[in-house]
Structure formats: C-alpha cells, structure tokens
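2 protein chains.
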Amino acid sequence: MEVKIALIGCGTVGRGLLEILEKKRSQLKSAYGFEARIVAISDMLKGSILVPDGIHLDKLFALLDGGGRIDQYYGEGSTAELLNPLDLIEQCDAQIIAELTYTDIKTGEPATGYIKKALRSGMHVVTSNKGPAALHYKELSGLAHKNGLVFGIEGTVMSGTPVFSLVENGLAGNEIREVKGILNGTTNFILTKMEQDNMAYADALKLAQQLGYAEADPTADVEGFDALAKVVILSNVLLGGDVAPADVKRQGITALTGEQIQAAKDQGYRYKLIAQARRKGGKVDASVAPQKLPLSDPLAGVMGAQNALTFDTDLLGKITIQGPGAGKLETGCAILADILAIHGRLKEKHLRSV
Amino acid sequence: MEVKIALIGCGTVGRGLLEILEKKRSQLKSAYGFEARIVAISDMLKGSILVPDGIHLDKLFALLDGGGRIDQYYGEGSTAELLNPLDLIEQCDAQIIAELTYTDIKTGEPATGYIKKALRSGMHVVTSNKGPAALHYKELSGLAHKNGLVFGIEGTVMSGTPVFSLVENGLAGNEIREVKGILNGTTNFILTKMEQDNMAYADALKLAQQLGYAEADPTADVEGFDALAKVVILSNVLLGGDVAPADVKRQGITALTGEQIQAAKDQGYRYKLIAQARRKGGKVDASVAPQKLPLSDPLAGVMGAQNALTFDTDLLGKITIQGPGAGKLETGCAILADILAIHGRLKEKHLRSV
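Protein chains in written order, with the numbering used here: chain W, 1 to 354; chain U, 1001 to 1354.
What follows is the structure, encoded as structure tokens:
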C-alpha cells in the first residue's frame, strides 16, 4: 500500500530517511507491501516543494549534492512558492508528517506547532525531535489518540535502537519500574578515551569534535542537557511521570578527572554518565549524573559512542538493549520503523473499509 | 475484549502464564482491554478439563498446590473425561492454543501434531516449545499464514527477553545479516564461576544443579544441544535459512579447562559458549562453540545465567539485547506477549466485522 509522506525539516535525519526509502524501495515493497510517496518537503534553509505525484528522490539527491536548493526541483529558474511549514501541512495531502526540524528544548517550538497542526489535520506524525516529546508529550499523544492517530517518537532517545517499540511489543504486559541508561554517545566516547587511552578530558573532547561526535560548542553533551531531555521523555512516556526538565537533577562529566576515572578502574569500577528515572511514591524521580558502575553492570561494558538502556520490569527483571544512539541512517531508521507501524495500521483500516 | 485460551501442557511455563494472568488481571484489562478466559487445560501428568465458562484460576492453584490433579477441578470424586490433546483442541472452542508441552528436538512431536491440529481448526498458536519451531517452522508458519492465523514462538529462544518481536517491530526495515548470542544460561553460569571464582568445571556444574539451573543429566546444556536448537530457530526464522539440527557445527563446554579460561582472562579475553548464524553465499551457516571474546564485545560482559543476542543489521549495525533466558514467569511472559499481539489483531478484526 502506498503511503503519502511529507517532511518538515530535511537536514541529516531527513536525508537519512529519504536515502533509506530510495535504497530499500523494492525490499520494503516485497517485505511489507509498503511504498512511500514523498509529496512535500519543507526545509528552513533549503526551501520547500509540493509534489503531489511524488518526488523523484534520485533527482532530489542530485540537486542537493550539487549544492542546489530543494525549491529548484522544478528547474534552475523555477520560482517555487515559498511555503511555511504550516501552510505546507495544510496543502500537502500527506497521511504522515515526518517532523524532523531542530530541537529547542526550552520551548519545543516551532516543532510542537507543526505537530499540532498535522494531528488536527488528521495526519499521523513521526518525529526525532526531543523538544515536543520532552515538553508536550501528554498533550500531543492525547491529541493523536483523540483523532485515532499515531504520534511516533521512536527516534527521540536512542535513534534507531528500539526503546518505545520494545516496551510496547516485546515487553508487553510488563510494568516498567525504572530505566537507567547511557543516552549520550559523545560523553561515553570521551569517558572511554579517558579511561582506556589515559587521555585528558580536553584531548578526548577535541578528538570527539574531530570525529564529528561533538559539536563546536559541546555544552549540550558534556553538561548532560542532551541526556536530560531524553530522560524526561522516558520518565513521561514509559513511567507515566509528569517531569519537566527543571525537575531533573543534572551533572555533566566536566568535573570528572582522569585520576578519578583511573582510581575507579583500579577498584573494578567504571564511570558512566547515567540517565536514570524511577517511580518513587507516586512520582518519578529523574537524574543525569556520572556514576561509578561495577563491571558486572551491563551498562559498564558499553564503550565508545554507543548507547544502552536497562529497563527494570516487574515480570522479567532487567532487560538491557545496546546499540547506536545517533547518526543519519540510524535515526532515519527509527523514523522508518514508526512509519512502517503506521503503515500496518493503515492497511488494517483499509481492510475495514472495503 | 475477552480471549478464549486453552493450554496444552501445564508444567512450569503453563503455571507461570496462569499466575501472570491471575495476578495482572485488572492491569491487563485497563492497559490493553484484554481479558483471558481459560477454557481448557490438558496435561500429560495432571489430567485435563474443559470449562467453557472459564476456569477459576485461584481454585485451580489451590487444587494443584495441595497435590491434586487438574481433573479434580469439579470435585474430589468427579470423573472428568480423560481427553487427549487432539480431542481437547477439537472440543474446546478456544481462539488461542498455548502449546506448552516438553521439547523433543529429534521429532518435534507430539507438539507439532497439536499445533497443526489447532491451526487447521482456525486457532492461533503460541508456544515455548523449541521442537516444532526448530524442525517445522516453515510448514507451521505457512499453515498459519494460509489460515490468517498467528504462530507465535517468542518464548522459544530467550524466554521473555524479546527476540522475534524486536526484529519485527523495533528493527522493522532492517535486514538481519548475522545473529550471535549466549543462548544457554546454565553454561554461562558455569563459565562465570570457573572464571570469577576459579571453580573446577565439576564443582561449577554441581552448583548449577543445586541452584536448579542444570538438570541431573546436564548433557543438553553443557554439550550445546539446547543452544543448537535455538540457533536453528534463529537461522530459519530470522535469516530465512533452511537449517536442520544436523547442519549445525556443535561443540559444548566440557572440553574447556580452567587453565584455558584463566589464560584467556589474563590476555583480556573471556570464553563464552556462542551460538552464531550468518548468511553466506545464499545459505545460512550456523554453529555453537566456545569462543574467546574480547572484553569490548557486548556479549563478553554477560555474566551468570543471563542470555544475550547481538543482531548485525544493514542499517543500524549491531544491536544487542540482554536479559533472562529461562524461568517460570519469564517464559510465561513471552507467551503473554504473543497472546497480547494476537489480542491486538482480534480487536482489529472485531472492529472490521461491526
């Protein structure tokens, strides 16, 4: 079944999604009966297009790879209408909006506005944006539920490493009592280098920046703000909490010294930046801080830029999943998993209506 | 929505499933709208009953805990009809058959016969039995598919630690290129004790037997037959292989010495009994053997009776999940997850029919 999709935001994640859709076109059709028609793309920097018949992705890639803008799709001299995302959602006739703009963890905007508009217009939404999921999950999932729609956020915490789908399906029937994880690959890479190669913090950070793991301004990673946004999402979505970013105790890795890390190693421990949330007396208690883990903890073995999350459940005890936590194809893959889940529902609905 | 379930086999796993259903009755109803009605139970040792109105589980538990038989459910002197499982499937009007009898890895019987009967009678099947899944997966899943039914096998590999649901949902869109895992908790416990506590193999085995991890005859575990059955299932279900047990290279842990294990440890390695299957030139190559893993391998950190499995995927690279691999509630939980997935489908079907 063909599904019409519009992208709001076409940076790294958007490009990753489109590359997967193009590369795996025939495989997705044969395995799932799924065909994607990209009917619109809007990007703050690269312009917007509406193509009701479906965008030819190889043509778009050639255009972008040559340094062109999205709105030159109809030709070099074409003056495509400049649409803001809200108008594009109104006009595009998509069944799914993939909201892939930048995260603003203070307001969740403008993404939250786009998501509301889409849900009110009867469109499913999938997003990798931490802002709306961390700040407005209850409202947005309530709006989706009221309208019989999906608000898919698989890509917001560990990119394509499954979190929400794992809890919903594989762990169905379990109550999640606590989550505890390594949710920031940059800091885990830095801590790994400080321990294994005896690097100074500044050198490890510099290497992370050279490898593209850390931004020029590394504050969001090294001070724990990125992990904080993710643990807020986990608190509210998986533990039924009502946690705001300001409620989370936060400490980054900048105060950790090489001496502390080596001393822990000598004692059979390993420092990790741990995001943790647990139910406690009707509330959810969330924190981000370096913790000295015994090597027997499954999280202690997670090295380099990997992420991992341990779910403490009532029936199964502890389940840990480890995998990538970022990346173009990795996050695109999370968006695809949410889209395929919606496609499954659309197929059922289609069966109901015939 | 109420779902009618019959159990064929009511040993440890069956009891675990029933205890979960009873304990979580109200939670399953509020979270999923799911209500279980157990309409029949058949057990080779404890007799069988048909109770179309639904078995009162607390009454059944009291009976069994007092040393009674299932077929005394209607009273001490009652002579409940002795039904063989095939007749029970025919008479019970269940929507789901939970096939929870013992594994016979040579023939897959009598379980395979029960499963076929159920699928041909229009009933979904969930099982934790490795025999039918390892030997007859293609035939049974084909039969299920032809009849619009589910053949759920989540409990066959790592008890409640998700494997098949993880691939189907969370890793949707990915191709699995290889699986590699620790699929036998008993041998992992023994290797852990030999390495960490410097125990001799015989002492570690004895401890495993005392703790209930190993059977009096430990052959199936320590010679790798249990892991072999599981890697056959993974090969055929996840990698599309056509692997028979005899095709798998198998080596257990009995030839491993404490000296080898300590020498590996000194070099920064750790011995694990690894079940592995990969695509290779249109075929699937599967093996079970001790491997010396570097400590950086996520599987190297898996200690004690835990299980873990690494999926090598085309889009996400390596994803590893770790959790329990056996246990009454743990395996019951896998059966429940499969039942809840079927319940989701039945709800959709019900919506379609009204």
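Cβ atoms here follow ideal geometry from the backbone N, Cα and C, with glycine treated the same way.
Item                                                                                                                                                                  : Value
Check each candidate in W:A255, W:T254, W:Q267 and W:F225 and name the one with the smallest Cα separation from W:D247.                                               : W:F225
Hey, does U:L1329 have any beta-carbon neighbour from chain W nearer than 8 angstroms?                                                                                : yes
With a threshold of 7 angstroms, establish whether the CB of W:T127 neighbours any heavy atom of the ligand FAD.                                                      : In the structure on display, the ligand FAD does not appear, and there are no ligands present to speak of.
Apart from the five residues on each side of it in sequence, which residues of its chain come closer than 6 angstroms, Cβ to Cβ, to W:Y114?                           : I8, P85 and E99
Please state whether DSSP places W:H56 in a helix, a strand or coil.                                                                                                  : coil
Nearest-angstrom Cα distance between W:L140 and W:D104?                                                                                                               : 16 angstroms
Going along chain U in order, which residues have a C-beta closer than 7 angstroms to the C-beta of W:R352?                                                           : L1351 and R1352
Where do the N-terminal and C-terminal ends of the beta strand (DSSP E) with W:E223 fall, by residue?                                                                 : Looking at the DSSP string, W:E223 is not in any beta strand (DSSP E), and its letter there is neither H nor E.
On a Cα-Cα basis, can you pick out the residue from W:A214, W:I49 and W:Q95 that is closest to W:R304?                                                                : For clarity, residue 304 of chain W is Gly in the given sequence; the question names Arg instead. Comparing Cα-Cα distances from W:G304 to each of W:A214, W:I49 and W:Q95, the minimum goes to W:A214.
Starting from W:D375, follow the beta strand (DSSP E) in both directions and report where the run begins and ends.                                                    : The requested residue 375 of chain W is not part of the displayed model; chain W covers only 1 to 354.
What residue range is occupied by the uninterrupted alpha helix (DSSP H) comprising W:Y213?                                                                           : Unbroken run through W:Y213: none, as it is neither H nor E.
Determine the DSSP secondary structure at W:D70, reduced to helix, strand or coil.                                                                                    : Per the sequence presented here, residue 70 of chain W reads as Ile, with Asp not at that position. Residue state, collapsed to three classes: helix.
For W:G108, tell me which candidate among W:A134, W:I253, W:V237 and W:N236 has the shortest Cα-Cα distance.                                                          : W:A134
Based on the DSSP output, what are the partners of U:Q1196 in its beta bridges?                                                                                       : None; U:Q1196 has no bridge partner.
Return the Cβ separation of W:L239 and U:C1333 in integer angstroms, given the expectation that the two are a contact with Cβ distance under 8 angstroms.             : About 19 angstroms separates the two Cβ atoms, so there is no contact after all.
Quick one: is W:L329 buried, meaning 16 or more other Cβ sit within 10 Å of its Cβ, or exposed?                                                                       : buried
Pull the bridge partners of U:Y1137 from the DSSP assignment, please.                                                                                                 : BP columns for U:Y1137 are empty, so no partner.
Which residues in the same chain have their Cβ closer than 6 angstroms to the Cβ of W:G325, if we skip the five residues on either side of it in sequence?            : M158, S159, G185 and N307
Using three-state DSSP, classify W:A172 as helix, strand or coil.                                                                                                     : coil
Measuring straight from C-alpha to C-alpha, what distance separates U:L1207 and U:A1220?                                                                              : 17 angstroms
What's the gap between the Cα of U:T1313 and the Cα of U:G1170?                                                                                                       : 12 angstroms
W:S296: buried (16+ other C-beta within 10 angstroms of its C-beta) or exposed?                                                                                       : exposed
For the beta strand (DSSP E) containing U:K1004, name the first residue and the last one.                                                                             : E1002 to I1008
Going along chain U in order, which residues have a C-beta closer than 7 angstroms to the C-beta of W:L171?                                                           : P1162
Any idea which residues DSSP pairs W:F311 with across the strands?                                                                                                    : W:V179 and W:I319
Taking a contact to mean a Cβ-Cβ separation below 8 angstroms, would you say W:E195 touches W:R270 in this structure?                                                 : yes
Any Cβ of chain W within less than 8 angstroms of the Cβ of U:S1296?                                                                                                  : yes
Mapping DSSP to helix, strand and coil, what is U:P1290?                                                                                                              : strand
Which same chain residues, not among the five before or five after W:A227, have their C-beta less than 7 angstroms away from its C-beta?                              : L183, N184, L273, A275 and V288
Can you tell me the Cβ-Cβ gap for W:V243 and W:A286, rounded? I've got them flagged as a contact below 8 angstroms.                                                   : 5 angstroms
If you follow the beta strand (DSSP E) that W:E99 is in, where does it begin and where does it stop?                                                                  : I96 to E99
State the CB to CB distance for the pair W:I355 and W:I70, rounded to an integer number of angstroms; the pair is presumed to be in contact (CB under 8 angstroms).   : In the structure displayed, chain W extends from 1 to 354; residue 355 of chain W sits before or after that span and is not available.
Take W:A200 and list the residues in its own chain whose beta-carbon comes closer than 7 angstroms to its own, dropping the five residues that flank it on each side. : G258
Which of the residues in the region 229 to 250 of chain W, read from start to end, lie with their CB under 8 angstroms from any CB of chain A?                        : Among the protein chains of the structure shown, namely W and U, there is no chain A.
Applying the criterion that 16 or more other CB atoms from any shown protein chain within 10 Å of the CB defines a buried residue, is W:M1 buried or exposed?         : exposed
DSSP has U:H1124 in a bridge; who is on the other side?                                                                                                               : U:I1096
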